[in-house]
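Numbering (my numbering), first residue to last: 28 to 221. Just so it is clear, CB atoms sit at the ideal spot from N, CA and C, and this is done for glycine as well. As the structure is a computational prediction, the values presented were derived from the model and not from experiment. One structure is given here, and the rest of the page talks about it.
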DNA sequence: CTCTGGATTAGCT
DNA sequence: GCTAATCCAGAGC
């Protein structure tokens, strides 16, 4: 029944690989008896101590501790005084690597997402890292959630094959390591930027 | 303790 | 294109 749910081993691989393979997968959340789901279409990789743009660049702190956990957990952080962003932790414990979820194509629970976001076009529900957190009601309590559990998980898309074409670009909104092409996305009307 | 600026967004010019 | 909103992590003293 949940055979499409990604196993721990999916996350315990090189971060750039996981980032690209997350494209086309479905993020699912069970929220008050309704299922929220969205196809992952845009992500960014953050590579821990070796990456100046990563929260873990200067080592472990109270905020970034979940990045150091085993792959397959959710790292949620608060920023700009009002927004949350969600990352998928990758590799093994102690590595501090993660993939930022930047945009989703809504596939289930659209009405609930619309209520969470305020009346809005479907294209505007999940086309940004803070927007998708608002649509999925992901906040502080969800930091550290085990993606191999029963509330938030990622599964294979039963309707379509993995994307044929994966595009890359520098990461958005950072000022260091801008030469790295660690943003991965597929063609879609639901991207955070066109 | 104080200070700086941020993996963003919405709304305006 | 510009910037306010609004909190707090992390750095430096």
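DSSP three-state call for residue i: helix, strand or coil?
i           : result
residue 75  : helix
residue 50  : coil
residue 40  : coil
residue 111 : strand
residue 167 : helix
residue 194 : strand
residue 124 : strand
residue 212 : strand
State buried or exposed for residue i, treating a residue as buried only when at least 16 other CB atoms are found within 10 Å of its CB.
i           : result
residue 219 : buried
residue 142 : exposed
residue 47  : buried
residue 156 : buried
residue 214 : exposed
residue 113 : buried
residue 145 : exposed
Name, in chain order, the residues that DSSP records as bridge partners for residue i.
i           : result
residue 67  : 131
residue 180 : 55
residue 102 : 114
residue 62  : 57
On a CA-only basis, which of the options is nearest residue i? Give me that one, please.
i           : options               : result
residue 133 : 153, 92, 144 and 146  : 153
residue 202 : 58, 59, 80 and 139    : 80
residue 207 : 48, 73, 62 and 67     : 73
residue 56  : 185, 126, 173 and 104 : 173
residue 128 : 100, 119 and 120      : 100
residue 109 : 88, 165, 43 and 37    : 165
Runs of alpha helix (DSSP H) wholly within the stretch 138-164 (minimum 4 residues, chain order): 156-162
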